[in-house]
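Heads up, the thing below is written out as structure tokens.
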Amino acid sequence: MFLHSTCPTFNFACSQKILCLLLTAVPFLLIPYSRNVINTQKNKGTKYKATKIISSEEWSAEETSGQKDDILFTFHVGPGKTGTTTIQHKLDEFRIKNLLREDNYEYIGYNTGVLNRDSLLSMDATSERYEFSREFKKIVREQRRAGRNILGSSEFFFSTLGFGKEFKNMFPNLHIVMTYRRNYEREVSFWNQRFKLKRDKNRRIVAMSHRNWPGIDGDYGIPLFREYYAEQVYQQQAKDRGIQKGYSLWRNYANRFTFINLHKEEDLTTNFVCTAVLGANHTCAHMRMENKNKNDVKEGRNFSLNLDFDMLAVHAYEIGIVPKSYRRDKVAKIIQKYTDSNGLSLPKTCLSGEKLDYLYRTSLEQERWILPVLELGPFLSARQVDEATRRLSPAQQSEFDAHWNAWIEEGKHCNVDVNETLKRKEWVTFFDKKLKKKYEKHT
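The working numbering numbers the first residue of the sequence shown as 10 and each following residue consecutively.
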């Protein structure tokens, strides 16, 4: 249209004009798109500016030498049993995802979506290298085109599974986030998570509860925590189960690290967003205001199930005082209701002696490793993490011991002593005279 208005007929003079116009326009066409430009057009009507893309100048020159400007990939890798499920589900809420977009982040989900460990990477037969899935590459391409940072979460990549190099090659600006929960809490949570659901030999979930008695349809009894810990941790001297393991495997592939303290008073997901999601000021302010309106109720983590009632039901079945025709999970629920409604306390058997001392020592070792790092703040380089002092102040040591003692006082390391329980008169009467009537009413 422009050429028509200036050159109604084509001639040599007009061709010179066209050539001149093209030569004038070419430099602009060749200027590469700058991903550092803040695009606020999509956020009209808000008073918040979108977070700009991270440029290499904002990282240390030493660690980003030769890197191009690119979007930031903030990848929360767990470890498991540190509130990952709560964080993932909260971030996946429609309103939170929209808030994050206003802060220039796209939350791409967690284990069940594009970040599923079984489909995210696969071996390319031609190159004999691991390649990201088409779906994942499409999402990254779209976010790069939009100039938007990416946020994702999957605890199944805590130990990288050997894919750290692939992530580094895909994302010049890779920010790894890890969450810290004290080791003694995590060990009990590991045990509970493993046994509260029915699993196959490969630990894959096959049912959401134990409906059958041990030996029937692949079901099994639940070991005491002290038995599990002695066999799975203490005997193997498994010291590398903490946050240090994940860090050591990611340290060569990420530009920056942020560690989140789950023992901070602020609720879990708000703590995560406000600490680890760089520049997500809009989302952070919204979540803090929401928490204030909720009277500062602290957000809970993935639930743990009291397995004592199942253990008691199984033991009663094995000694012949519960009929084989009764369903295991229903008997456990009846026992729980009877215990709670009558205010009964069950005798306990606990982790003790050298094994309990070992749990304390390994937990303290992790505390000494992480607390000095947490004090340095978020967005740390590997050098900063490596050079942090590994000492606790007297106040920090005192706080750790107080928390440990409260945990011990609550009996978190204990389970029901089934033999002692069934010696008590109220339980003899329950199984002899009350269970049948309650089971029939329950069904």
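The beta carbon of each residue, even a glycine, is placed where N, CA and C say it ideally should be.
Residue j and residue i - do their beta-carbons sit closer together than 8 Å?
i: leucine 385; j: threonine 91; result: no
i: glycine 161; j: glycine 118; result: yes
i: arginine 336; j: arginine 220; result: yes
i: leucine 233; j: threonine 358; result: yes
i: leucine 355; j: glutamate 435; result: no
i: histidine 291; j: leucine 170; result: no
i: threonine 267; j: histidine 324; result: no
i: alanine 285; j: threonine 83; result: yes
i: threonine 188; j: lysine 339; result: no
i: lysine 443; j: arginine 235; result: no
i: phenylalanine 388; j: isoleucine 96; result: no
i: glutamine 375; j: glycine 251; result: yes
i: lysine 333; j: tryptophan 222; result: yes
i: valine 382; j: alanine 404; result: no
i: leucine 368; j: glutamate 196; result: yes
i: aspartate 276; j: asparagine 300; result: yes
i: tryptophan 200; j: tyrosine 139; result: no
For residue i, count neighbouring Cβ atoms within 10 angstroms of its own Cβ and tell me buried if that reaches 16, exposed if not.
i: glutamate 164; result: buried
i: valine 186; result: buried
i: glutamate 418; result: exposed
i: glutamine 246; result: exposed
i: methionine 296; result: buried
i: isoleucine 225; result: exposed
i: aspartate 79; result: buried
i: phenylalanine 103; result: exposed
i: threonine 348; result: buried
i: aspartate 127; result: exposed
i: asparagine 264; result: buried
i: tyrosine 209; result: Strictly speaking, residue 209 in this sequence is aspartate, with tyrosine absent from that position. Aspartate 209 comes out exposed.
i: valine 215; result: exposed
Comparing C-alpha positions only, which one of the options sits nearest to residue i?
i: valine 437; options: Gly329, Thr95, Lys205, Ser257; result: Gly329
i: asparagine 158; options: Gly288, Glu274, Ser142; result: Gly288
i: serine 402; options: Glu429, Arg104, Lys147, Ile379; result: Ile379
i: lysine 99; options: Asp112, Ile252, Thr279; result: Thr279
i: leucine 206; options: Glu196, Met217, Trp200; result: Met217
i: leucine 258; options: Thr284, Trp222, Lys174, Val242; result: Lys174
i: arginine 260; options: Glu137, Arg392, Val282; result: Arg392
i: glutamine 253; options: Phe440, Glu137, Leu360, Leu373; result: Leu373
i: lysine 146; options: Lys446, Glu137, Ser361, Val123; result: Val123
i: lysine 450; options: Arg213, Ala239, Glu275, Ile343; result: Ile343
i: asparagine 428; options: Ala134, Glu327, Phe172; result: Glu327
i: asparagine 120; options: Phe166, Ala134, Ser136, Arg150; result: Phe166
i: alanine 341; options: Asp410, Glu151, Lys447, Glu274; result: Lys447
i: lysine 273; options: Asp395, Arg190, Ser136; result: Arg190
i: serine 168; options: Gly89, Cys283, Asn351, Lys445; result: Gly89
i: valine 331; options: Lys445, Tyr238, Gly420, Arg153; result: Lys445
Quick check on residue i: does DSSP put it in helix, strand or coil?
i: leucine 401; result: coil
i: leucine 360; result: coil
i: isoleucine 379; result: helix
i: aspartate 133; result: strand
i: histidine 451; result: helix
i: asparagine 290; result: helix
i: serine 454; result: Given that the chain is displayed from residue 10 to residue 452, the structure contains no residue 454 and the question cannot be resolved.
i: lysine 254; result: helix
i: methionine 217; result: coil
i: lysine 303; result: coil
i: lysine 207; result: strand
i: valine 437; result: helix
i: threonine 95; result: helix
i: isoleucine 62; result: Residue placement at isoleucine 62 cannot be trusted, given a pLDDT of 47 that sits under 50; what the coordinates show is reported in the next sentence. Residue state, collapsed to three classes: coil.
i: glutamate 396; result: helix
i: glycine 171; result: helix
Could you give the distance in angstroms between the alpha-carbon of residue i and the alpha-carbon of residue j?
i: phenylalanine 179; j: tyrosine 262; result: According to the sequence as given, residue 179 is methionine; it is not phenylalanine. Those two C-alpha atoms are separated by around 11 Å.
i: histidine 422; j: histidine 412; result: 14 Å
i: tryptophan 416; j: tyrosine 114; result: 38 Å
i: glycine 230; j: leucine 81; result: 47 Å
i: arginine 370; j: tyrosine 193; result: 10 Å
i: lysine 77; j: asparagine 182; result: Interpretation of lysine 77 is limited by its pLDDT of 45, a score under 50 that renders its predicted location unreliable; the figure taken from the coordinates is listed afterwards. Taking the straight line from one Cα to the other gives about 9 Å.
i: glutamine 202; j: leucine 316; result: 11 Å
i: leucine 321; j: asparagine 424; result: 10 Å
i: lysine 56; j: lysine 106; result: Unreliable placement is indicated for lysine 56, whose pLDDT of 34 sits below 50; the coordinate value is still reported in the next sentence. Cα to Cα, the separation comes out at about 18 Å.
i: asparagine 125; j: tyrosine 256; result: 21 Å
i: aspartate 112; j: aspartate 228; result: 48 Å
i: leucine 31; j: serine 142; result: Note that leucine 31 scores 41 on pLDDT, short of 50, meaning its location in the model is unreliable and no value can be drawn from it.
i: arginine 399; j: phenylalanine 439; result: 54 Å
i: asparagine 211; j: asparagine 302; result: 44 Å
i: valine 242; j: glutamate 144; result: 39 Å
i: methionine 132; j: phenylalanine 176; result: 14 Å
i: arginine 213; j: serine 198; result: 17 Å
i: phenylalanine 172; j: asparagine 351; result: 54 Å
Answer yes or no: does any C-beta atom of chain C fall closer than 8 Å to that of residue i?
i: phenylalanine 172; result: Absent here is chain C; the protein component of the structure consists of one chain.
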